[in-house]
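A.B. asks: First, the structure itself, so that you have it in front of you.
Chains as they are written, first to last, in this note's numbering: chain Z, -3 to 510; chain D, 9 to 178.
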């Protein structure tokens, strides 16, 4: 219980990010207007944190009195966040310079968002999930509105903020209901009680007592919370244990709470029908920030989603699985079909990200080991290819945002063959063409769905992937077979080129040696 | 009659009375000031229930921060002539009245229906939970990490506010 020195060692990646974030703030206040220093320090912090995460892959432990779960799972996600974070920083430098917005605050906010993400992925408690999501979201709201002289950027930030606050309300209400019915916010405790709550059975007394970790809970707060809201059952309930009728009620409340938590998380991953914000926000935000949102934030939300689905609810969740399967199918169909009609490449990528959220959710809906592994692989693969695509969009984007239409990419292959080839690579991977990373990601999650007797979900996934090939390949066709005046303004930043190269390498690497 | 019950009746009367003044005053600033009085009465009630922590928080957060926000908004809105704010009996008010009576009846039902043993039990639990010592001990042992993460969250919010609201860039 409580704090131990080893907790800091276990969470070295997290604390490295925290330290870097604070150091960058201090540097900025000491030497204002030297964003180059912040750029280098943030990059170094991300790389160090990622290396520490690689080192921590082997040790499985619980820290801060059961608040965090450290091990291969959390460190894997920490690596993904550090990778996407450092790539975002690399991409952002020349982009921000071009728009005259090269400021240290961008890096501070990216670092703080990454801290929230690491917390979400290593959380073993609903409170930490909530705080992690808030830390991430608050930073992202500001990143979306970072170009505060642009109306589009402001609109994007405001929309994201209002809808995000609304979704947080759902999440928090869900957490309160889960706490009220299960008596704890800790995943392992809830996991012990979930089977009984799901089947609306009375909780065995031993479970209740074994599961309650401290005096607050033993003092009967959960019972009183449940009873206070429900006059009828209070009248009938004696004061010992939980009679059958009330346990049934607790089960209903538990499911309701889970449903609301899922709504909150589905908003964060931009799954249909909670996807409305994504196209507008992705379109208006500065492109590196969009790339960060679409990859790292989505990966973090999936990190939290997978922990909740597997560590908290467990495998006995038929109702939840079906719910997730429906959300997954809806996201795949809606994202892919609407993406066809988009002419703006950022909006197209936004709808494509909704569709990819659907693919990943089908891995969670499958609720088996293959599903979990598949989602983790998919998150990494998706992060590389989408961030790479956004990096290229950021090179081509001009001041007036005029060069965002897909037709504007015509003739790119003649002028800049390497960039065109890289973009083609990312598009092929997003479409799921073997042997690139995107193909194996889809293969794993659909395999998991088939193994879980959800063949229909896999069929929907494959069919919608076919649809997606159309709009991804259209970009390639426009680049290679149409005459046009696609041009890059000024010279391309060195750091952006490095980032694109890293993304391209990883897309091939993950695909060839999965 | 013990001193506790005398205090209870005095504070309750103060709370109900000031709440009535809040909704019946025409001048929004006066109404807001009555709201502060109401908050203090409630804080006193919490204190008599041994919930010291909530009592302090009630004063710091509600009577302090939120009321300042209220007054700022009232001033910024610059309502001017208060008579324009008066409205007659609307359907909304009727529905609101019915709902508040329903809540009253519900509360009544709950309290009359609960066996008195449970009142006592709940009271003892509350005494245990609500003290500053207990909350502080929990906050710095079991909930240490969430507590510290909150500070990160606030730092991020401050940086964000500066980014969005700073008058001049660089």
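Where a beta carbon is used, it is the ideal one built from N, C-alpha and C, also for glycine.
In this text, all values refer to a predicted model and were calculated from it rather than measured experimentally.
Grab the span of the beta strand (DSSP E) containing residue 59 of chain Z for me, first residue to last.
C.D. replies: Counting along the chain, the beta strand (DSSP E) containing residue 59 of chain Z begins and ends at 57 to 59.
A.B. asks: Kindly list, in the order they appear in chain D, the residues whose Cβ is closer than 8 Å to that of residue 151 of chain Z.
C.D. replies: Chain D residues near residue 151 of chain Z: none, gap ~13 Å exceeds 8 Å.
A.B. asks: Check this for me: beta carbons of residue 95 of chain Z and residue 143 of chain Z, under 8 Å apart or not?
C.D. replies: Yes, the pair counts as a contact, with Cβ atoms nearer than the cut-off.
A.B. asks: Tell me the start and end of each unbroken beta strand (DSSP E) in the stretch 104 to 147 of chain Z that is at least 3 residues and wholly inside, in chain order.
C.D. replies: As far as the stretch 104 to 147 of chain Z is concerned, it has no whole beta strand (DSSP E) run of at least 3 residues.
A.B. asks: Can you round the beta-carbon distance between residue 498 of chain Z and residue 423 of chain Z to whole angstroms, since I take them to be within the 8 Å contact cut?
C.D. replies: Not confirmed; about 18 Å, so no contact.
A.B. asks: In chain D, which residues lie less than 7 Å from residue 134 of chain Z when you measure between Cβ atoms?
C.D. replies: The answer, in chain order, is 161, 164, 165 and 168.
A.B. asks: Can you give me the Cβ contacts of residue 30 of chain D inside the same chain, cut-off strictly under 7 Å, excluding the 5 residues immediately before and after it?
C.D. replies: For residue 30 of chain D, where only same-chain residues beyond five positions count, the Cβ hits under 7 Å are 39, 42, 43 and 46.
A.B. asks: Is it buried or exposed for residue 10 of chain D, if we count other Cβ within 10 angstroms and need 16 for buried?
C.D. replies: That one is exposed.
A.B. asks: Could you name the residues of chain D that residue 137 of chain Z contacts, counting a contact when the two beta carbons are closer than 8 Å?
C.D. replies: Ordered by position in chain D, the residues that pass the 8 Å Cβ test against residue 137 of chain Z are 168.
A.B. asks: When the Cα of residue 39 of chain Z is compared with those of Z/25, Z/16 and Z/58, which residue comes out closest?
C.D. replies: Nearest C-alpha to residue 39 of chain Z: Z/16.
A.B. asks: Please work out which residues of its chain come closer than 6 Å, Cβ to Cβ, to residue 370 of chain Z, disregarding the five sequence neighbours upstream and downstream, and give them in chain order.
C.D. replies: Hits under 6 Å: 359, 440, 441 and 444.
A.B. asks: Give the interface partners of residue 157 of chain D over in chain Z, defined as CB-CB distance under 8 Å, in chain order.
C.D. replies: Neighbours of residue 157 of chain D on chain Z, chain order: 115, 124, 127, 128 and 131.
A.B. asks: Let me confirm a value: residue 343 of chain Z is counted as buried when at least 16 other C-beta atoms fall within 10 Å, else exposed. Which label applies?
C.D. replies: Buried, by the Cβ-count rule.
A.B. asks: Return the Cβ separation of residue 427 of chain Z and residue 469 of chain Z in integer angstroms, given the expectation that the two are a contact with Cβ distance under 8 Å.
C.D. replies: About 6 Å separates the two Cβ atoms, so the contact holds.
A.B. asks: Determine, using beta carbons only, whether residue 76 of chain D comes closer than 8 Å to chain Z.
C.D. replies: No, residue 76 of chain D lies away from the interface with chain Z (no Cβ there is under 8 Å from its Cβ).
A.B. asks: Since residue 87 of chain Z and residue 492 of chain Z are thought to touch, with beta carbons under 8 Å apart, how far apart are those beta carbons, to the nearest angstrom?
C.D. replies: 5 Å between Cβ atoms; contact.
A.B. asks: The stretch 51 to 72 of chain Z: which residues have C-beta closer than 9 Å to a C-beta of chain D, in chain order?
C.D. replies: Hits within the stretch, in order: 59, 60, 61, 62, 63 and 64.
A.B. asks: Find the residues of chain D that neighbour residue 144 of chain Z, judging by a C-beta separation of less than 7 Å, and give them in chain order.
C.D. replies: Going along chain D in sequence order, the residues near residue 144 of chain Z (Cβ under 7 Å) are 172.
A.B. asks: Under the rule that 16 or more other beta-carbon atoms within 10 Å means buried, what is residue 278 of chain Z, buried or exposed?
C.D. replies: Counting Cβ neighbours within 10 Å, residue 278 of chain Z comes out buried, since at least 16 surround it.
A.B. asks: Whose CA, out of Z/376, Z/356, Z/438 and Z/338, lies closest to the CA of residue 401 of chain Z?
C.D. replies: Comparing Cα-Cα distances from residue 401 of chain Z to each of Z/376, Z/356, Z/438 and Z/338, the minimum goes to Z/338.
A.B. asks: List, in chain order, every chain A residue whose beta-carbon is nearer than 8 Å to that of residue 101 of chain Z.
C.D. replies: Included in the structure are the protein chains Z and D, with no chain A among them.
A.B. asks: Could you round the C-beta distance between residue 436 of chain Z and residue 367 of chain Z to whole angstroms and report it? I think they count as a contact, below 8 Å.
C.D. replies: About 15 Å separates the two Cβ atoms, so there is no contact after all.
A.B. asks: Classify residue 130 of chain Z as buried or exposed, calling it buried when 16 or more other Cβ atoms lie within 10 Å of its own Cβ.
C.D. replies: Per the 10 Å Cβ criterion, buried.
A.B. asks: Return the first residue and the last residue of the alpha helix (DSSP H) that residue 194 of chain Z is part of.
C.D. replies: Here the alpha helix (DSSP H) through residue 194 of chain Z covers 183 to 194.
A.B. asks: I need the boundaries of the alpha helix (DSSP H) containing residue 400 of chain Z, first residue and last residue.
C.D. replies: Neither: residue 400 of chain Z is in no alpha helix (DSSP H) and is coded neither H nor E.
A.B. asks: Tell me the residue span of the beta strand (DSSP E) that contains residue 66 of chain Z.
C.D. replies: That run of the beta strand (DSSP E) goes 64 to 66.
A.B. asks: Spell out whether any CB of chain Z is found under 8 Å from the CB atom of residue 101 of chain D.
C.D. replies: By this cut-off, residue 101 of chain D is not an interface position.
A.B. asks: Which bits of chain D does residue 288 of chain Z rub up against, with CB to CB less than 8 Å?
C.D. replies: The premise fails here: residue 288 of chain Z is roughly 15 Å from chain D at the closest Cβ pair, so nothing lies under 8 Å.
A.B. asks: Since residue 104 of chain Z meets chain D, which of its residues come closer than 7 Å, beta carbon to beta carbon?
C.D. replies: Within 7 Å Cβ-Cβ: 167.
A.B. asks: State the DSSP-derived secondary structure class of residue 340 of chain Z, mapped to helix, strand or coil.
C.D. replies: Strand at residue 340 of chain Z.
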